[in-house]
Structure formats: C-alpha cells, structure tokens
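The number in this note's numbering is simply the position in the sequence shown, starting from 1, with 5 added. Backbone N, C-alpha and C fix where the C-beta goes; we use that ideal spot for every residue, glycine too. Structure record follows, encoded as structure tokens.
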Amino acid sequence: MSNDNHFTLQKSKVTRSEVVVLPRNHPSFQTVEKTFEDGWMHLNKRKPPIRAIFEIRLPQEMLDAFDQYKMRVASSLAPQKHSNRPVEKILFHGTNRSCLLGENKDRTRPCGLSECPLCAIVGSSFDISKCGRKTKFCRFGMGIYSTSCSSKADDYVMNGATKAIYRVMLASRVIVGKPYRRLKNGTHLTGPPPGYHSIVGEPGVDLNFPETVVYNDDAIRPAFLVVYGFPPERPAAQVWYSALKLFKMPLAS
C-alpha cells in the first residue's frame, strides 16, 4: 500500500471517535511504519522504534465531509494533464498530549481535557481556527500544517502527563490535490493561488524540511496514532542490583 494512495476504510459505525490498536502484520501498520521511518530525516536525532500504531475511527459524518471534499478536488484535477497525481497523502502532525492516550493498548479513549490538543483532534478532527496557538508563527498563514518528515513532526510533540513514557504523533489523511510549491515564508497567506489546493513548503531557502498546509477543515482527517520512543533507562543502582540477583552475588557488608 503506497503512501500516495488513500486508505480504504469501511463504513464507520461509531458515534464518537475511538482508537483501536493495529496488529503489526496489518497492512496499514506496515505502511504507516515505513512512512514514519522513511520520513525520519533529522541526522541529529536518533530514529526511535515504533511501539504501537492505533487506527482512529471517526463518526461517518466526519468521513463523509472529507470524502465529498476529496471528490470535488479530484474532479477539478480530471481535465488537467498529469491528473494521475495523488490527491491524498499520509502526512504527520505533532502536538501536545496532556493524557496517556496510546500509552498502552488499554489507553484508547480521548481524555476530553480542554488542554489536550491531541485528544481534541482525535475527537473532532482539525480546526483551522486553532492555528498559531502553540507557536504564534504561521509560516504560510492560517492553515493546518502537516509534513512528510516524521522527525519534523516530532519537534512539536510534547507530553504533559508526568507518567507518559512514549511519544505520540498523528498520521493524517491529507487532500493535497494540486500543491503550490514555495521556498519562502508567506505569513500573510490565506490559501493557495487559484487552481491549487494546498501549499507545500520545500527546503532550500526558509525551510530545512518540507511541510504541507491546507486551508479547509475538511481537507484533513486524523487517521492513525503513532506511538514511538525508547524505553526509559533504568537507574544504574537498579541495574546493578538486578545483576547481583541474576548471578546470586553476595552484597559486600
């Protein structure tokens, strides 16, 4: 399954958003895992292992609005040359998590806390009006930002819960349509030029890593939670004590 193709989802039967852990042999797990690993571009950050991937199941009305927008974009591309370009991509988005959603297979319900942007997105999808609340800087104006660079999305991941061990980012379905490519910032922008559906910032001038911006709430839906990270290091004293027990060595008196 290619990152450039949409994930075919069954009709949703849920009345509110939920997350379901995927087995490692599931095609969607393998696709998202490969996309995450291929997108880890920062040489100064060690690539972390994926601990789990959860599928985000949304109410049908949220999927319908997304699919209708996708059909409009696809129809606008049909008469053009090279109309076989991918309309939809899987891209990453990092944000704050104030709870333990995804921390283990039993943590599957959004917390509902007003200070938890991750659960707000899982529960209600993205909201363009929230742009700039975290960083105050919108490189390409008021839009919804995502990236093919998982290590860049990781820069925006933050755990607020003291018991959190791993990190969690979103892998989202994004309608990129015909992207308008930019090398320089454009904080004044309110959307792409006529005939385009998204803006893609390319590295080289103002960016070091790529990012994609859409300007319609229905152009993006959260699809997966990616749980990743290294296990916490055990204190040296604990490791030494475990070694003593393993080899049954007497403690010095």
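In the DSSP assignment, the residues bridged to ALA57 are VAL232. Taking PRO122 as reference, the option from ARG112, LYS110, LEU106 with the minimal CA-CA separation is LEU106. Burial state of ALA83 is exposed, judged by a 10 Å Cβ sphere holding fewer than 16 other Cβ atoms.
As the crow flies, the alpha-carbon of VAL232 is around 37 Å from that of GLY200. Contact check for VAL24 against VAL127 passes: the beta carbons are separated by less than 8 Å.
Under the 10 Å beta carbon count, GLU238 is surrounded by fewer than 16 other beta carbons and is classified as exposed. Shortest Cα-Cα distance from SER156 to any of ASN30, MET46, PRO208 involves MET46. Non-local C-beta neighbours of ASP211 in its own chain, meaning closer than 7 Å and more than five positions away in sequence, comprise LEU188, LYS189, ASN190, ordered along the chain. The beta-carbon separation of THR20 and ILE95, rounded to 25 Å, does not stay under the 8 Å limit for a contact.
Rounded to whole angstroms, VAL37 and THR192 show a C-alpha spacing of 31 Å. Classified as exposed, ASP43 has fewer than 16 neighbouring CB atoms from the shown chains inside 10 Å of its CB. Within the same chain, and ignoring the five residues on either side of CYS124 in sequence, the residues whose Cβ sits closer than 8 Å to its Cβ are ARG102, SER103, CYS104, LEU106, PRO115, CYS116, GLY117, LEU118.
One thing to note: ASN221 has its Cβ within 8 Å of the Cβ of TYR74.
For VAL78, the uninterrupted alpha helix (DSSP H) run begins and ends at 65-82, by DSSP.
The closest CA to that of ALA176, considering only PHE97, LYS50, ASP72, SER33, is found on PHE97.
For the stretch 144-189, the full-length alpha helix (DSSP H) segments reaching 4 residues or more read 155-159 along the chain.
Contact check for GLY206 against ARG144 passes: the beta carbons are separated by less than 8 Å.
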